[in-house]
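Worksheet for the structure shown next.
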Amino acid sequence: FLSFAATALVHRLGANLIYLVPFAAFALIAASFFKNEVIFPVYVISLLPLLLIAENGIELFGINLVAGSIGLLTYTYFNRGWKLFLNAIFIFVGMMALLLSFRLLTDDAAMIWKSYTVTFIAINAVLCVVLNPFVFLFERIFSFTSYSRLFDLTDSSNELLQELSHRAPGTFQHSLVVANMSEIAAREIGANAMLARAGAMYHDVGKIENPACFVENTNPGSGQDSYHKGLTPEESAADIIRHVDDGLALARKFHLPDVIKDFIRSHHGQSVTLYFYNVYCNNGGDPANTAPFTYRGMLPTTKEQVIVMMADAVEAASRSLKKYTDESISELVEEILGSRLSDQQLVRADISLKEINMVKESFKRQIKQTYHARIAYPKRKRDNK
5 FLSFAATALV
15 HRLGANLIYL
25 VPFAAFALIA
35 ASFFKNEVIF
45 PVYVISLLPL
55 LLIAENGIEL
65 FGINLVAGSI
75 GLLTYTYFNR
85 GWKLFLNAIF
95 IFVGMMALLL
105 SFRLLTDDAA
115 MIWKSYTVTF
125 IAINAVLCVV
135 LNPFVFLFER
145 IFSFTSYSRL
155 FDLTDSSNEL
165 LQELSHRAPG
175 TFQHSLVVAN
185 MSEIAAREIG
195 ANAMLARAGA
205 MYHDVGKIEN
215 PACFVENTNP
225 GSGQDSYHKG
235 LTPEESAADI
245 IRHVDDGLAL
255 ARKFHLPDVI
265 KDFIRSHHGQ
275 SVTLYFYNVY
285 CNNGGDPANT
295 APFTYRGMLP
305 TTKEQVIVMM
315 ADAVEAASRS
325 LKKYTDESIS
335 ELVEEILGSR
345 LSDQQLVRAD
355 ISLKEINMVK
365 ESFKRQIKQT
375 YHARIAYPKR
385 KRDNK
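Take the sequence shown: its letters are residues 5 to 389, numbered as in the working numbering.
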(Lines of atoms letter the chains of each structure in order from A and count residues from 1; the text may use other names and numbers.)
(Lines give C-alpha, C1' and ligand atoms only; values in the text may rest on other atoms or scores of the structure.)
Protein backbone atom coordinates (compact mmCIF):
# COMPACT_ATOMS: atom_id res chain seq x y z
CA PHE A 1 0.00 0.00 0.00
CA LEU A 2 2.77 2.46 0.91
CA SER A 3 4.56 1.63 -2.31
CA PHE A 4 1.39 2.22 -4.34
CA ALA A 5 0.69 5.53 -2.57
CA ALA A 6 4.28 6.78 -3.00
CA THR A 7 4.31 5.84 -6.67
CA ALA A 8 0.99 7.54 -7.38
CA LEU A 9 1.90 10.72 -5.46
CA VAL A 10 5.32 11.23 -7.03
CA HIS A 11 4.03 10.41 -10.49
CA ARG A 12 1.40 13.14 -10.21
CA LEU A 13 4.09 15.66 -9.30
CA GLY A 14 6.12 14.78 -12.38
CA ALA A 15 6.74 11.63 -14.41
CA ASN A 16 10.51 11.96 -14.20
CA LEU A 17 10.53 12.52 -10.43
CA ILE A 18 9.67 8.88 -9.89
CA TYR A 19 13.33 8.07 -10.58
CA LEU A 20 14.04 9.78 -7.25
CA VAL A 21 12.01 7.33 -5.16
CA PRO A 22 14.52 5.00 -3.39
CA PHE A 23 12.53 1.78 -3.51
CA ALA A 24 15.73 -0.19 -2.82
CA ALA A 25 15.99 1.53 0.56
CA PHE A 26 13.13 -0.70 1.74
CA ALA A 27 15.14 -3.79 0.83
CA LEU A 28 18.29 -2.50 2.56
CA ILE A 29 16.45 -1.59 5.76
CA ALA A 30 14.70 -4.97 5.77
CA ALA A 31 18.07 -6.69 5.21
CA SER A 32 19.09 -5.55 8.69
CA PHE A 33 16.43 -7.81 10.19
CA PHE A 34 15.48 -10.56 7.75
CA LYS A 35 17.06 -13.00 5.32
CA ASN A 36 17.28 -12.09 1.65
CA GLU A 37 15.05 -14.99 0.62
CA VAL A 38 12.27 -13.49 2.76
CA ILE A 39 12.84 -9.89 1.63
CA PHE A 40 13.15 -10.40 -2.12
CA PRO A 41 9.62 -11.67 -2.92
CA VAL A 42 8.08 -8.88 -0.82
CA TYR A 43 10.30 -6.34 -2.54
CA VAL A 44 9.24 -7.55 -5.98
CA ILE A 45 5.58 -7.21 -4.98
CA SER A 46 6.22 -3.67 -3.71
CA LEU A 47 7.46 -2.71 -7.19
CA LEU A 48 4.34 -3.90 -9.04
CA PRO A 49 2.56 -0.50 -8.78
CA LEU A 50 5.24 0.87 -11.11
CA LEU A 51 3.88 -1.36 -13.87
CA LEU A 52 0.37 -0.02 -13.34
CA ILE A 53 0.98 3.69 -12.79
CA ALA A 54 4.26 4.88 -14.30
CA GLU A 55 4.59 5.74 -17.99
CA ASN A 56 7.88 3.86 -18.26
CA GLY A 57 6.61 1.14 -15.95
CA ILE A 58 8.64 -1.75 -17.31
CA GLU A 59 11.82 0.33 -17.34
CA LEU A 60 11.28 1.60 -13.78
CA PHE A 61 10.36 -1.87 -12.54
CA GLY A 62 13.53 -3.34 -14.03
CA ILE A 63 15.80 -0.55 -12.78
CA ASN A 64 14.50 -0.75 -9.22
CA LEU A 65 14.55 -4.54 -9.27
CA VAL A 66 18.24 -4.40 -10.20
CA ALA A 67 18.88 -1.74 -7.54
CA GLY A 68 17.29 -3.85 -4.81
CA SER A 69 19.02 -7.04 -5.94
CA ILE A 70 22.44 -5.39 -6.00
CA GLY A 71 21.75 -3.70 -2.68
CA LEU A 72 20.83 -6.99 -1.00
CA LEU A 73 23.89 -8.76 -2.37
CA THR A 74 26.39 -6.05 -1.45
CA TYR A 75 24.77 -5.24 1.90
CA THR A 76 26.02 -8.57 3.19
CA TYR A 77 29.59 -7.27 2.86
CA PHE A 78 29.19 -3.50 3.11
CA ASN A 79 26.71 -2.77 5.88
CA ARG A 80 28.52 -0.55 8.36
CA GLY A 81 29.85 3.02 8.43
CA TRP A 82 31.37 4.50 5.29
CA LYS A 83 31.20 1.12 3.55
CA LEU A 84 27.48 1.70 3.12
CA PHE A 85 28.32 4.25 0.44
CA LEU A 86 29.97 1.50 -1.59
CA ASN A 87 26.44 0.12 -1.83
CA ALA A 88 25.32 3.45 -3.30
CA ILE A 89 28.02 3.23 -5.97
CA PHE A 90 27.09 -0.35 -6.91
CA ILE A 91 23.39 0.52 -6.99
CA PHE A 92 24.02 3.59 -9.18
CA VAL A 93 26.15 1.63 -11.65
CA GLY A 94 23.56 -1.15 -11.87
CA MET A 95 20.66 1.25 -12.39
CA MET A 96 22.54 3.24 -15.03
CA ALA A 97 23.58 0.12 -16.92
CA LEU A 98 19.99 -1.10 -17.18
CA LEU A 99 18.65 2.38 -17.97
CA LEU A 100 21.11 2.76 -20.86
CA SER A 101 20.14 -0.69 -22.11
CA PHE A 102 16.47 0.26 -22.17
CA ARG A 103 17.11 3.62 -23.83
CA LEU A 104 19.43 2.17 -26.48
CA LEU A 105 16.68 -0.24 -27.43
CA THR A 106 14.31 2.70 -27.93
CA ASP A 107 16.89 5.02 -29.55
CA ASP A 108 16.35 7.43 -26.67
CA ALA A 109 19.77 7.28 -24.97
CA ALA A 110 20.56 10.95 -25.59
CA MET A 111 17.48 12.07 -23.66
CA ILE A 112 18.92 10.62 -20.42
CA TRP A 113 21.27 13.56 -20.04
CA LYS A 114 18.69 16.20 -20.98
CA SER A 115 15.99 15.06 -18.54
CA TYR A 116 18.04 15.01 -15.33
CA THR A 117 17.44 11.25 -15.14
CA VAL A 118 21.09 10.55 -14.30
CA THR A 119 21.00 13.10 -11.49
CA PHE A 120 17.78 11.63 -10.12
CA ILE A 121 19.21 8.11 -10.20
CA ALA A 122 22.38 9.27 -8.43
CA ILE A 123 20.26 10.89 -5.70
CA ASN A 124 18.16 7.72 -5.52
CA ALA A 125 21.25 5.57 -4.94
CA VAL A 126 22.56 7.88 -2.21
CA LEU A 127 19.14 7.98 -0.50
CA CYS A 128 19.16 4.18 -0.36
CA VAL A 129 22.01 4.30 2.15
CA VAL A 130 21.30 7.70 3.73
CA LEU A 131 17.97 6.30 4.94
CA ASN A 132 19.73 3.39 6.67
CA PRO A 133 19.48 5.04 10.15
CA PHE A 134 15.76 4.24 9.98
CA VAL A 135 16.95 0.78 11.07
CA PHE A 136 17.36 2.15 14.59
CA LEU A 137 13.85 3.62 14.49
CA PHE A 138 12.42 0.23 13.58
CA GLU A 139 14.41 -1.35 16.41
CA ARG A 140 12.81 1.05 18.88
CA ILE A 141 9.27 0.89 17.54
CA PHE A 142 8.95 -2.83 16.81
CA SER A 143 11.55 -4.24 19.26
CA PHE A 144 13.48 -5.76 16.36
CA THR A 145 17.18 -6.51 16.68
CA SER A 146 19.24 -5.71 13.60
CA TYR A 147 22.30 -7.59 12.39
CA SER A 148 24.30 -4.45 13.11
CA ARG A 149 23.14 -4.50 16.73
CA LEU A 150 24.02 -8.18 17.04
CA PHE A 151 27.45 -7.48 15.60
CA ASP A 152 28.02 -4.79 18.22
CA LEU A 153 26.87 -7.14 20.98
CA THR A 154 29.48 -9.73 20.00
CA ASP A 155 32.31 -7.20 20.30
CA SER A 156 34.25 -8.43 23.34
CA SER A 157 35.38 -4.88 24.11
CA ASN A 158 31.90 -3.82 25.21
CA GLU A 159 31.39 -3.11 28.91
CA LEU A 160 29.47 -6.21 29.99
CA LEU A 161 31.69 -8.71 28.17
CA GLN A 162 34.76 -6.93 29.55
CA GLU A 163 33.35 -7.37 33.04
CA LEU A 164 32.70 -11.04 32.35
CA SER A 165 36.27 -11.56 31.12
CA HIS A 166 37.76 -9.88 34.20
CA ARG A 167 35.55 -11.33 36.92
CA ALA A 168 34.83 -14.77 35.46
CA PRO A 169 37.62 -15.47 32.94
CA GLY A 170 36.89 -19.18 32.71
CA THR A 171 33.26 -18.51 31.91
CA PHE A 172 34.28 -15.93 29.32
CA GLN A 173 36.54 -18.43 27.53
CA HIS A 174 33.78 -21.03 27.69
CA SER A 175 31.35 -18.52 26.17
CA LEU A 176 33.76 -17.75 23.32
CA VAL A 177 34.06 -21.43 22.44
CA VAL A 178 30.29 -21.93 22.67
CA ALA A 179 29.80 -18.86 20.46
CA ASN A 180 32.15 -20.26 17.79
CA MET A 181 30.50 -23.68 17.90
CA SER A 182 27.01 -22.17 17.75
CA GLU A 183 27.80 -19.82 14.88
CA ILE A 184 29.24 -22.59 12.72
CA ALA A 185 26.38 -25.01 13.47
CA ALA A 186 23.75 -22.32 12.87
CA ARG A 187 25.25 -21.45 9.51
CA GLU A 188 25.27 -25.10 8.48
CA ILE A 189 21.53 -25.55 9.09
CA GLY A 190 20.55 -22.15 7.70
CA ALA A 191 19.73 -20.53 11.05
CA ASN A 192 20.71 -17.00 12.10
CA ALA A 193 24.43 -17.45 12.77
CA MET A 194 24.99 -13.94 14.17
CA LEU A 195 22.05 -14.29 16.57
CA ALA A 196 23.35 -17.67 17.77
CA ARG A 197 26.79 -16.17 18.36
CA ALA A 198 25.43 -13.17 20.26
CA GLY A 199 23.18 -15.35 22.40
CA ALA A 200 26.07 -17.66 23.23
CA MET A 201 28.29 -14.77 24.29
CA TYR A 202 25.77 -13.76 26.97
CA HIS A 203 24.12 -17.02 28.00
CA ASP A 204 26.27 -17.39 31.15
CA VAL A 205 26.76 -13.71 31.93
CA GLY A 206 25.02 -14.16 35.29
CA LYS A 207 28.07 -16.01 36.59
CA ILE A 208 29.69 -12.59 37.04
CA GLU A 209 27.81 -12.27 40.34
CA ASN A 210 29.30 -15.43 41.88
CA PRO A 211 32.19 -16.68 39.72
CA ALA A 212 33.80 -18.90 42.37
CA CYS A 213 30.67 -21.06 42.41
CA PHE A 214 31.56 -22.43 38.97
CA VAL A 215 34.40 -24.83 38.37
CA GLU A 216 35.71 -23.12 35.22
CA ASN A 217 36.62 -20.06 37.29
CA THR A 218 38.63 -21.92 39.93
CA ASN A 219 42.19 -23.19 40.12
CA PRO A 220 42.21 -26.75 41.45
CA GLY A 221 44.63 -27.21 44.31
CA SER A 222 44.88 -23.51 45.08
CA GLY A 223 42.23 -23.54 47.75
CA GLN A 224 39.77 -21.75 45.51
CA ASP A 225 37.97 -24.97 44.60
CA SER A 226 36.34 -25.33 48.01
CA TYR A 227 33.30 -23.12 47.40
CA HIS A 228 30.82 -25.99 47.73
CA LYS A 229 32.49 -27.59 50.76
CA GLY A 230 30.17 -27.32 53.72
CA LEU A 231 27.11 -26.65 51.57
CA THR A 232 24.26 -29.10 51.22
CA PRO A 233 23.48 -30.35 47.71
CA GLU A 234 20.32 -28.22 47.75
CA GLU A 235 22.29 -25.09 48.66
CA SER A 236 24.90 -25.74 45.99
CA ALA A 237 22.22 -26.35 43.36
CA ALA A 238 20.44 -23.13 44.35
CA ASP A 239 23.65 -21.13 43.89
CA ILE A 240 24.26 -22.74 40.51
CA ILE A 241 20.70 -22.19 39.31
CA ARG A 242 20.74 -18.55 40.43
CA HIS A 243 23.06 -17.54 37.60
CA VAL A 244 20.07 -17.50 35.23
CA ASP A 245 18.21 -14.90 37.30
CA ASP A 246 21.45 -12.97 37.83
CA GLY A 247 22.02 -12.98 34.08
CA LEU A 248 18.55 -11.60 33.39
CA ALA A 249 19.11 -8.85 35.96
CA LEU A 250 22.36 -7.87 34.22
CA ALA A 251 20.66 -8.03 30.83
CA ARG A 252 18.08 -5.53 32.02
CA LYS A 253 20.73 -3.31 33.57
CA PHE A 254 22.75 -3.20 30.34
CA HIS A 255 19.65 -2.96 28.12
CA LEU A 256 20.25 -6.15 26.17
CA PRO A 257 17.58 -6.97 23.57
CA ASP A 258 14.80 -9.41 24.45
CA VAL A 259 16.14 -11.97 21.98
CA ILE A 260 19.38 -12.14 23.98
CA LYS A 261 17.48 -12.44 27.27
CA ASP A 262 15.72 -15.47 25.82
CA PHE A 263 19.08 -17.25 25.43
CA ILE A 264 19.82 -16.60 29.10
CA ARG A 265 16.40 -18.00 30.08
CA SER A 266 16.54 -21.04 27.83
CA HIS A 267 20.13 -22.31 27.81
CA HIS A 268 19.39 -24.80 30.61
CA GLY A 269 15.68 -25.04 29.91
CA GLN A 270 14.03 -26.92 32.75
CA SER A 271 16.79 -29.46 33.21
CA VAL A 272 18.19 -30.84 36.46
CA THR A 273 21.62 -30.01 37.93
CA LEU A 274 22.58 -33.67 37.80
CA TYR A 275 25.81 -33.51 39.78
CA PHE A 276 24.26 -32.18 42.97
CA TYR A 277 21.05 -34.13 42.43
CA ASN A 278 23.09 -37.35 42.30
CA VAL A 279 25.02 -36.34 45.43
CA TYR A 280 21.69 -35.71 47.15
CA CYS A 281 20.32 -39.12 46.11
CA ASN A 282 23.53 -40.92 47.09
CA ASN A 283 23.25 -39.35 50.55
CA GLY A 284 19.82 -40.86 51.06
CA GLY A 285 17.68 -38.12 49.53
CA ASP A 286 14.30 -38.78 47.93
CA PRO A 287 14.84 -39.28 44.16
CA ALA A 288 11.35 -37.89 43.51
CA ASN A 289 12.35 -34.55 45.05
CA THR A 290 13.80 -32.93 41.94
CA ALA A 291 12.39 -29.43 42.49
CA PRO A 292 15.41 -27.98 44.39
CA PHE A 293 17.70 -29.13 41.57
CA THR A 294 15.62 -28.05 38.57
CA TYR A 295 16.17 -24.91 36.52
CA ARG A 296 13.05 -22.78 36.21
CA GLY A 297 13.89 -21.32 32.83
CA MET A 298 11.99 -21.42 29.56
CA LEU A 299 12.26 -24.25 27.07
CA PRO A 300 14.05 -23.23 23.87
CA THR A 301 11.73 -22.35 21.00
CA THR A 302 14.07 -21.37 18.16
CA LYS A 303 16.81 -23.17 16.29
CA GLU A 304 19.39 -20.73 17.62
CA GLN A 305 18.36 -21.30 21.25
CA VAL A 306 18.54 -25.07 20.79
CA ILE A 307 21.99 -24.80 19.25
CA VAL A 308 23.32 -22.70 22.14
CA MET A 309 21.76 -25.04 24.73
CA MET A 310 23.45 -28.03 23.11
CA ALA A 311 26.77 -26.29 22.48
CA ASP A 312 26.89 -25.14 26.11
CA ALA A 313 26.43 -28.68 27.43
CA VAL A 314 28.75 -30.32 24.89
CA GLU A 315 31.60 -27.83 25.36
CA ALA A 316 31.50 -28.10 29.15
CA ALA A 317 31.37 -31.90 29.12
CA SER A 318 34.10 -32.24 26.49
CA ARG A 319 36.65 -30.81 28.92
CA SER A 320 36.22 -33.81 31.21
CA LEU A 321 37.07 -36.42 28.58
CA LYS A 322 40.17 -38.42 29.43
CA LYS A 323 40.84 -39.37 25.82
CA TYR A 324 39.85 -37.45 22.71
CA THR A 325 39.16 -40.18 20.19
CA ASP A 326 36.54 -40.22 17.45
CA GLU A 327 34.55 -42.75 19.46
CA SER A 328 34.67 -40.91 22.80
CA ILE A 329 33.73 -37.57 21.22
CA SER A 330 30.88 -39.13 19.25
CA GLU A 331 29.54 -40.93 22.32
CA LEU A 332 29.69 -37.74 24.38
CA VAL A 333 27.76 -35.66 21.85
CA GLU A 334 25.17 -38.38 21.27
CA GLU A 335 24.66 -38.89 25.01
CA ILE A 336 24.20 -35.20 25.80
CA LEU A 337 21.90 -34.41 22.92
CA GLY A 338 20.00 -37.64 23.44
CA SER A 339 19.37 -36.72 27.07
CA ARG A 340 17.99 -33.32 26.04
CA LEU A 341 15.55 -35.04 23.71
CA SER A 342 14.50 -37.69 26.23
CA ASP A 343 14.04 -35.05 28.95
CA GLN A 344 11.59 -33.21 26.67
CA GLN A 345 13.73 -30.07 26.64
CA LEU A 346 13.22 -29.55 22.91
CA VAL A 347 9.48 -30.18 22.60
CA ARG A 348 8.71 -26.50 21.90
CA ALA A 349 11.60 -25.88 19.55
CA ASP A 350 11.13 -25.16 15.87
CA ILE A 351 13.84 -27.56 14.78
CA SER A 352 13.68 -30.87 12.93
CA LEU A 353 15.44 -34.12 13.78
CA LYS A 354 17.39 -33.75 10.55
CA GLU A 355 18.67 -30.36 11.70
CA ILE A 356 19.49 -31.74 15.16
CA ASN A 357 21.55 -34.48 13.52
CA MET A 358 23.36 -31.88 11.42
CA VAL A 359 24.14 -29.90 14.59
CA LYS A 360 25.47 -33.05 16.26
CA GLU A 361 27.79 -33.78 13.37
CA SER A 362 28.97 -30.17 13.39
CA PHE A 363 29.82 -30.36 17.10
CA LYS A 364 31.64 -33.67 16.70
CA ARG A 365 33.75 -32.28 13.90
CA GLN A 366 34.55 -29.08 15.79
CA ILE A 367 35.57 -30.88 18.98
CA LYS A 368 37.78 -33.25 17.01
CA GLN A 369 39.47 -30.28 15.37
CA THR A 370 39.97 -28.59 18.73
CA TYR A 371 41.46 -31.58 20.50
CA HIS A 372 43.20 -33.25 17.57
CA ALA A 373 46.36 -35.15 18.41
CA ARG A 374 49.47 -33.12 17.76
CA ILE A 375 52.40 -34.54 15.88
CA ALA A 376 55.48 -35.17 17.98
CA TYR A 377 58.29 -33.57 16.04
CA PRO A 378 61.42 -35.78 15.90
CA LYS A 379 64.59 -34.44 17.44
CA ARG A 380 67.65 -34.05 15.23
CA LYS A 381 70.27 -36.65 15.84
CA ARG A 382 73.71 -35.27 16.54
CA ASP A 383 76.83 -37.05 15.38
CA ASN A 384 79.13 -38.09 18.18
CA LYS A 385 82.59 -37.00 17.15
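For glycine and all other residues, C-beta sits at the position ideal for the given N, C-alpha and C.
message = Between which residues of its own chain and alanine 200 is the CB-CB distance below 7 Å, once the five residues before and five after are set aside?
response = Once the five neighbours on either side are set aside, the close Cβ partners of alanine 200 are Ser186, Glu187, Ala190, Glu308, Ile311, Val312.
request  = Closer than 8 Å by C-beta to leucine 24: which residues in its own chain qualify, once you throw out the five before and the five after it? Chain order, please.
outcome  = These residues qualify, in order along the chain: Val14, Phe124, Ile127, Asn128, Leu131.
query = Around the C-beta of isoleucine 145, are 16 or more other C-beta atoms found within 10 angstroms, so that it is buried, or is it exposed?
reply = Under this definition isoleucine 145 is an exposed residue.
task = Return the first residue and the last residue of the alpha helix (DSSP H) that methionine 99 is part of.
result = Unbroken alpha helix (DSSP H) run through methionine 99: 88-109.
ask   = Taking the alpha-carbon positions, what's the arginine 246 to valine 42 distance?
value = Distance between arginine 246 and valine 42, taken at the CA atoms: about 39 Å.
C-alpha distance - valine 139 paired with alanine 29, whole-angstrom precision = Taking the straight line from one Cα to the other gives about 11 Å.
message = Rounded to whole angstroms, what is the Cα-Cα separation between isoleucine 33 and proline 26?
response = Their Cα atoms are separated by approximately 11 Å.
ask   = What are the boundary residues of the alpha helix (DSSP H) that proline 45 is part of?
value = Note, proline 45: alpha helix (DSSP H), 40-57.
query = Using a threshold of 6 Å, is the CB atom of arginine 300 nearer than that to any non-hydrogen atom of the ligand SAH?
reply = Among the components modelled here there is no ligand, and therefore nothing to report on the ligand SAH.
key: Which residues DSSP lists as bridging valine 276, in chain order   = For valine 276, the pairing in a beta bridge is given by DSSP as Thr298.
ask   = Sorted by chain position, which residues of the same chain lie with C-beta nearer than 6 Å to cysteine 217's C-beta, five sequence neighbours on each side aside?
value = Correct list, in chain order: Tyr231, Asp243.
Selected residue, minimal CA-CA separation from serine 322, among Gln166, Thr78, Val97, Ile371 = For the residues Gln166, Thr78, Val97, Ile371, the minimum Cα distance to serine 322 belongs to Ile371.
query = histidine 178: buried (16+ other C-beta within 10 angstroms of its C-beta) or exposed?
reply = By the Cβ-count criterion, histidine 178 is buried, with 16 or more other Cβ atoms from all chains shown falling within 10 Å of its own Cβ.
query = Taking the Cβ atom as the reference point for each residue, do leucine 341 and methionine 314 lie within a distance shorter than 7 Å?
reply = Less than 7 Å divides the Cβ of leucine 341 from the Cβ of methionine 314.
request  = Verify whether the separation of the beta carbon atoms of methionine 99 and alanine 58 is less than 7 Å.
outcome  = The answer is no: Cβ separation not under 7 Å.
inquiry  = On the criterion of 16 or more Cβ atoms from any shown chain inside 10 Å, does glutamate 163 qualify as buried, or is it exposed?
reply    = Glutamate 163 counts as exposed, since fewer than 16 other beta carbons sit within 10 angstroms of its beta carbon.
ask   = If you pair each beta-carbon of the region 277-284 with each one of the region 317-336, do three or more pairs fall below 8 Å?
value = Contact between the region 277-284 and the region 317-336 is absent, because fewer than three Cβ pairs lie under 8 Å.
key: Unbroken alpha helix (DSSP H) run spanning cysteine 132, endpoints   = Segment 121-134, the alpha helix (DSSP H) holding cysteine 132.
task = Kindly list the residues whose CB is nearer than 6 Å to the CB of lysine 211, restricted to its own chain and excluding five residues on each side of it in sequence; keep chain order.
result = Hits under 6 Å: Ala172, Thr175, Phe218, His247.
Inter-residue spacing [alpha-carbon to alpha-carbon] between phenylalanine 148 and methionine 198 = So the two alpha carbons sit approximately 14 Å from each other.
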